[in-house]
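>
In the working numbering, the protein residues as written are 46 to 1030.
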């Protein structure tokens, strides 16, 4: 065992002059099978003994090997009598294959003459040397990339199947080098913050090399930085026990010191090395919106804010808060200043619209998730709670110089979790309210423009020639606008778009209709009057579009959805929307997507209430939008579930939806529109709308299982349940309860799910609704399975199968059959479990179900595992896993990975099982609930125990036990039994 982590093993680099490279040059590999190519042609290298000669010559890198050296390499101290003749025969055969200029005879021996880059080993040496230089220069990302390239040159075991003592020694030496390279790369992984990703690999490596202390040390650090302190300490305890038993020694001092640092909760150990690593492009956010080309005035504010941001480096984190009324130009100023300050923040800039003036301000938890992703944090590494996300966010920003622009904040409480906590970073905040309760913030009150600045802005948009000819009229216009930048921009944009208008015409219009603007003070009334300027000048069709589109909730709206709401052809709708973009009343969020400034949306709704009479016109617009979403989502649902009866039982729609060529484009639409879909559901009211909204939730079930939208989906389901109940609509309530059951099953809250499903079943029977009549017993069967009530679950699922068959719902029948398979499996009936799962798969395959067919294969994989047919189980689960990943179903991706860990455990492959269990934990973070996490931890503990890490296994089991005891789960007894030796000591 290498206990001192000594110097890297190197193959000697002294060699003869190289041959020039040609198109058909020879190349060789020894980091795997010994092979030779000429160009793209694989050459025959003969018998194992002949390959042994080729390997011995290649490993001398051009130096001559004497006959005596080759005989020793082949046979050691006991060569045969014809050894020399045998060597000459092999050399002659190789010369015919490689050519006389390549394999040469000299000084009674042989050598291979070829260019240095022709051998994978020398290429690996050169790349490793570059990696060392990059690391010494502080470029850790480049060093990682290079070492990964080196490791990628290996193709299995070096010198595979090559006989002889020399090959054995070289194989050992190359494997040691490979391990040292792996350790170096893992060390770099930890230095750049990839500790969570490193745990599964290190778990497997420590199982394969249990006495290698450096790997144990790296695993301890990775676990500690992943928030798993108890497991990190258990690794030390396991290592100490193993070394004492196997070698009679204690751990080396470095490992003991690391244990003490973990016991002290050393903050320095909890974060990567101090020196910042050059980040790849995706880790350097550049989220600032584009600055306006005609930015005007505000020079004092630009200088003041710019100076504050320029001093952020090396000082306490700088926070500047700009306050002012809507339309005064807070965002424009902040974006302009942020762009000018970019050079002071080379590690990137973050931006978010906090929607503080709207009815639903952005949640800090959601914003932190977005920021962490932009900073390179994987979804699986993002914590669930606000406090944990804020702490990780501050840790991620530590040592980096990043500017955070928090636009349109509601109040100080909203932005406190979003502030960086270290010097070098700065936050620039805009809000309608003064942040007087934000400690340490530099407050800036932004007022309207001066007359000179206002005229300058107007001139830049309209043109100097037109304004110069009517300067007084232009002054009248900007005064009528109250010198508000947004009002000026709207008025100027309308004038610029109408070449036949003079400035005087515009001034007269404003004077006739808005004389009071000169007298208005700063406040919401000024904002409303500002929007009146643009709205009053819209064509009738544009004004109608502006009013009606503002009715829709959601962050933005697609062109297709807008066309449905307006009851127009998409081309006509696009013309109107682009005209509204030109007037600055609507923003173009992305090609084909549009959004309102939050204050403009409020104004648009006020206009709709005033001008869209009778009110039924507003209701019809939202009804068309709901129709569009339901029709399109039902089409996506049908693509994923051919033959499902939702299409026959859902509420009818008057407006058609989009169609898709394949399931992937359908999925893209579903996940792109997720927030808008769920907002439309929450907005629904009225008996007909509530029923359609509930059916829309049903058609978008996949959002609940994706992980990305699970919480929003559950919130929408609760809203619909309550609204249906208050409306005494039993049918709508029953269906809403099924969608809520689905969301709570995903979250692992089985008691709540059971109550919802029981009430849904009662309501379904009362109103004779086939959808919940089928799905409620199916869900109750699943819940009973999870809670170990197998006979009850069997009864529920047999009822579900009968109901599905009566309704002609074959995909539903397949689902219930696969669930019944799991019940039979839990009851020990493996033969029938396999048969039931196969029946379900046959139905799915006949109907062309990809995603639901994967659920069937998941069930079959479980049954095959318990039947001992492990190879077949692995195939089924891998096939299911590929579909789950392709379909963005994080819950089932994690569960399939977990089940593969169970297969590996059953196959007595504990190292592989531990790796997969670690991967499952990462995927399931934030989804699936604690019960499922307890199941994975139990299997991880079993795998760790089997690879000689009992201390870490006990930590996993104790955590699982805490989960099960809290939930009151039946698994408590099994985990207590695993822990019995520990509990009794």
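Glycine included, C-beta positions come from ideal geometry on N, C-alpha and C.
Look up residue 276 in the DSSP assignment and say whether it is helix, strand or coil.
Residue state, collapsed to three classes: helix.
> What does the alpha-carbon distance come out to for the pair residue 1022 and residue 967?
Each residue's Cα considered, the two are about 26 Å apart.
> Quick check on residue 888: does DSSP put it in helix, strand or coil?
Three-state DSSP puts residue 888 in a helix.
> Tell me, please, whether the region 823-831 touches the region 856-874 by the rule of three or more beta-carbon pairs shorter than 8 Å.
At 8 Å Cβ cutoff, the stretches touch.
> Looking only at its own chain, which residues have a Cβ that is under 8 Å from the Cβ of residue 1019, when we skip the five neighbours before and after it?
Hits under 8 Å: 983.
> Who pairs with residue 475 in a beta bridge, going by DSSP?
DSSP lists 367 as partners of residue 475.
> Could you give the first and the last residue of the continuous beta strand (DSSP E) run that contains residue 487?
Residue 487 -> beta strand (DSSP E) spans 487-490.
> Is it true that the CB of residue 610 sits closer than 8 Å to the CB of residue 625?
Result no, Cβ atoms of residue 625 and residue 610 do not sit closer than 8 Å.
> Which of helix, strand or coil does DSSP assign to residue 74?
Note: residue 74 maps to strand in three-state DSSP.
> Name the residue from 298, 233 and 272 whose alpha carbon lies nearest to the alpha carbon of residue 258.
Out of 298, 233 and 272, 298 has the C-alpha closest to the C-alpha of residue 258.
> Let me make sure I understand the geometry here. Which of 895, 379 and 633 has the alpha-carbon closest to that of residue 688?
Nearest C-alpha to residue 688: 895.
> If distances are taken between C-alpha atoms only, which option among 306, 907, 95 and 901 comes closest to residue 929?
Out of 306, 907, 95 and 901, 901 has the C-alpha closest to the C-alpha of residue 929.
> Under 8 Å Cβ to Cβ from residue 853, same chain only, skipping five residues before and after it: list those, please.
Excluding sequence neighbours, residue 853 sits near 690.
> Are the beta-carbon atoms belonging to residue 79 and residue 110 less than 8 Å from one another?
Taking 8 Å as the Cβ cut-off, residue 79 and residue 110 do not qualify as a contacting pair.
> Distance, Cα to Cα, residue 649 vs residue 906?
The alpha-carbon atoms of residue 649 and residue 906 are separated by roughly 55 Å.
> Among the residues of its own chain, which have a CB less than 8 Å from the CB of residue 200, if the five just before and after it don't count?
Once the five neighbours on either side are set aside, the close Cβ partners of residue 200 are 74, 76, 77 and 78.
> Which residue marks the beginning of the beta strand (DSSP E) containing residue 120, and which one marks its end?
Unbroken run through residue 120 is the alpha helix (DSSP H), 112-120; no beta strand (DSSP E).
> Taking 8 Å as the cut-off, decide whether the C-beta atoms of residue 401 and residue 459 are in contact.
Yes, the pair counts as a contact, with Cβ atoms nearer than the cut-off.
> Rounded to a whole number of angstroms, what is the C-alpha to C-alpha distance between residue 994 and residue 146?
The straight-line gap from Cα to Cα measures roughly 55 Å.
> Tell me the DSSP bridge mates of residue 82?
BP columns for residue 82 point to 72 and 87.
> Are the CB atoms of residue 770 and residue 778 nearer to each other than 8 Å?
The answer is yes: Cβ separation under 8 Å.
> Pick out the complete alpha helix (DSSP H) segments inside the region 596-645, 4 residues or longer, and give them in chain order.
With a minimum length of 4 residues, the continuous alpha helix (DSSP H) runs that stay inside the region 596-645 are 604-611 and 615-627.
> Classify residue 461 as buried or exposed, calling it buried when 16 or more other Cβ atoms lie within 10 Å of its own Cβ.
Counting Cβ neighbours within 10 Å, residue 461 comes out exposed, since fewer than 16 surround it.
> What residue does the beta strand (DSSP E) around residue 154 start on, and which one ends it?
Run containing residue 154: 154-157, per the beta strand (DSSP E) assignment.
> Name the two residues that bound the continuous alpha helix (DSSP H) containing residue 934.
Premise fails: residue 934 is in no alpha helix (DSSP H) and is neither H nor E.
> Excluding the 5 residues flanking residue 1011 on each side, which residues of the same chain have their C-beta closer than 8 Å to its C-beta?
Within the same chain, residue 1011 has close Cβ partners 975.
> Given 8 Å as the limit, is there contact between the region 371-389 and the region 432-445, that is, 3 or more CB pairs closer than that?
No, the region 371-389 is not in contact with the region 432-445.
> Would you mind sorting residue 66 into buried or exposed? The rule is 16 or more other CB atoms within 10 Å of its CB.
Model confidence at residue 66 stands at a pLDDT of 44, short of 50, so the residue's coordinates are unreliable; what they give is reported in the following sentence. So residue 66 counts as exposed.
> Residue 910 and residue 947: beta carbons closer than 8 Å?
Yes, the pair counts as a contact, with Cβ atoms nearer than the cut-off.
> State the DSSP-derived secondary structure class of residue 841, mapped to helix, strand or coil.
Residue 841 falls in the helix class under three-state DSSP.
> Please list, in chain order, all residues of the same chain as residue 103 whose beta carbon is under 8 Å from its beta carbon, the five residues on each side excluded.
Correct list, in chain order: 73, 75, 79, 157, 164 and 166.
> So for residue 510, helix, strand or coil by DSSP?
Residue state, collapsed to three classes: helix.
> Suppose you measure from the CA of residue 871 to the CA of residue 613; what does that come to, to the nearest Å?
Answer to the nearest angstrom: the Cα atoms are 56 Å apart.
> Taking Cβ positions, are residue 472 and residue 451 nearer each other than 8 Å?
Yes.
> Could you name the residues that DSSP lists as bridge partners for residue 331?
In DSSP, residue 331 forms a bridge with 394.
> Figure out for me which residue from 497, 1005, 880 and 216 has the closest Cα to the Cα of residue 524.
Of the listed residues, the one whose Cα sits closest to residue 524 is 497.
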